[in-house]
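Report on the structure given below.
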Amino acid sequence: MIGCGNMGGAMLGRWLDAGLDPARVVVVSPSGRAIPGGVTVVTAIPEERFDTIVLALKPQKLGELAATLLRAHAPRLLLSILAGVEEATIAATCRAHAVVRAMPNLPVAIGRGVTGLFSSTADAAVRQVAEALCAPLGHHEWIAEERLFDAVTALSGSGPAFLFRFVDALARAGAALGLPEDQARRLALATVEGSAAMAGTADAPPALLADRVASPGGSTREGLNVLDEDHALVRLLTATLAASERRNRELAAAAR
4 MIGCGNMGGA MLGRWLDAGL DPARVVVVSP SGRAIPGGVT VVTAIPEERF
54 DTIVLALKPQ KLGELAATLL RAHAPRLLLS ILAGVEEATI AATCRAHAVV
104 RAMPNLPVAI GRGVTGLFSS TADAAVRQVA EALCAPLGHH EWIAEERLFD
154 AVTALSGSGP AFLFRFVDAL ARAGAALGLP EDQARRLALA TVEGSAAMAG
204 TADAPPALLA DRVASPGGST REGLNVLDED HALVRLLTAT LAASERRNRE
254 LAAAAR
């Protein structure tokens with residue numbers, strides 16, 4: 004693994020918890036910071052050959068590593084979690100057999116994450132390797148077209164941050180009605196957790212579930228009327244995801 008920021012660390016921690024032998028892992032960390040679990044940490048890319056390399060550094064750092072990667076390494080799989088950096092740009096840095104772009108989100112740390120995958124070069128065997136790496140992290144799906152990867156990044160990659168903000172707003176709204184702040188926070192968290200679990204196993208889409216909760220003329224319907232008026236909530240989230248998607252495209256352009 005080259006780089007080990009928050010996301011890379013979350014993935015590595017989950018892999019180790021799932022039984023990955025730390026002796027099989029080398030992390031290249033320029034800062035040399037300690038990595039838990041007995042994993043070997045080096046400050047520069049070693050000459051040793053690796054079957055799989057995971058790129059988990061900041062996108063702007065890729066250029067600094069390109070010459071070393073081109074000279075020294077030809078892994079079977081180069082798995083990149085660099086936001087906004089396209090497959091062709093990544094492939095130009097390394098003589099990898101195949102490049103797979105992956106966009107995990109933070110809940111991979113507890114095995115409940117979402118990882119979007121894309122590759123135009125990976126054969127069935129390499130795809131199986133990528134899927135095996137993603138399986139302990141939670142849900143994963145292949146994306147048909149790379150142009151959609153920025154949208155996936157905005158939706159599921161950045162989505163936890165947007166959801167965390169919603170939970171905080173729900174709790175603040177409860178506190179504004181007079182509930183103690185700590186109690187409002189607990190109730191908001193438990194409500195979201197239970198509702199998400201129910202939606203994941205329900206026989207109906209979330210929109211229909213919302214209508215099932217809301218009785219005609221009842222208090223829930225009054226609240227939904229506020230969210231639904233002029234599609235206010237949909238418009239807000241569309242603008243939110245569009246801003247994130249736009250930034251991903253800017254990062255891709257900069258990486259080229």
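Heads up, the sequence shown is in my numbering, so the first residue is 4 and it goes up one at a time.
Glycine is no exception: its CB is placed at the ideal position from the N, C-alpha and C atoms.
N- and C-terminal bounds of the alpha helix (DSSP H) containing residue i
i             : result
methionine 10 : 9-20
isoleucine 93 : 90-94
threonine 194 : 184-204
glycine 177   : 162-179
valine 216    : 209-216
threonine 241 : 235-258
valine 155    : 152-155
arginine 130  : 127-137
valine 229    : 222-231
threonine 71  : 65-75
Cβ neighbour criterion (16 or more within 10 Å) applied to residue i
i              : result
valine 229     : exposed
threonine 43   : exposed
arginine 150   : exposed
threonine 118  : buried
asparagine 108 : buried
glycine 162    : buried
valine 28      : buried
asparagine 9   : exposed
leucine 239    : exposed
methionine 201 : exposed
leucine 261    : Given that the chain is displayed from residue 4 to residue 259, the structure contains no residue 261 and the question cannot be resolved.
serine 32      : buried
alanine 26     : exposed
serine 222     : exposed
serine 123     : exposed
glycine 160    : buried
alanine 125    : buried
glycine 12     : buried
alanine 256    : exposed
glycine 181    : exposed
Pair within 8 Å by beta-carbon distance, residue i and residue j
i             : j             : result
glutamate 248 : aspartate 153 : yes
glycine 40    : leucine 60    : no
leucine 254   : alanine 86    : yes
glycine 177   : alanine 191   : yes
methionine 14 : valine 111    : yes
leucine 65    : valine 88     : yes
alanine 157   : alanine 174   : no
alanine 258   : proline 62    : yes
arginine 17   : glycine 114   : yes
isoleucine 48 : isoleucine 5  : yes
alanine 217   : arginine 224  : yes
alanine 207   : leucine 227   : no
glutamate 50  : alanine 70    : no
valine 45     : isoleucine 38 : no
Counterpart residues of residue i in DSSP-defined beta bridges
i             : result
threonine 55  : Leu80
histidine 142 : Val117
isoleucine 5  : Val31 and Leu58
Extent of the continuous beta strand (DSSP E) run through residue i
i            : result
arginine 104 : 101-107
valine 31    : 29-31
glycine 116  : 116-121
threonine 43 : 43-45
8 Å Cβ cutoff, residue i in contact with chain D
i             : result
histidine 234 : No chain D is present in this structure, which holds just one protein chain.
- For the 8 Å Cβ check, are there 3 or more pairs between the stretch 84-103 and the stretch 137-144? no
- Query: If you pair each beta-carbon of the stretch 72-79 with each one of the stretch 49-64, do three or more pairs fall below 8 Å?
  - Reply: yes
- Touch test, the stretch 98-108 against the stretch 124-133, Cβ-Cβ under 8 Å, three pairs minimum: yes
- Message: Using a Cβ distance threshold of 8 Å, determine whether the stretch 164-173 contacts the stretch 189-199, with at least three qualifying pairs required.
- Response: yes
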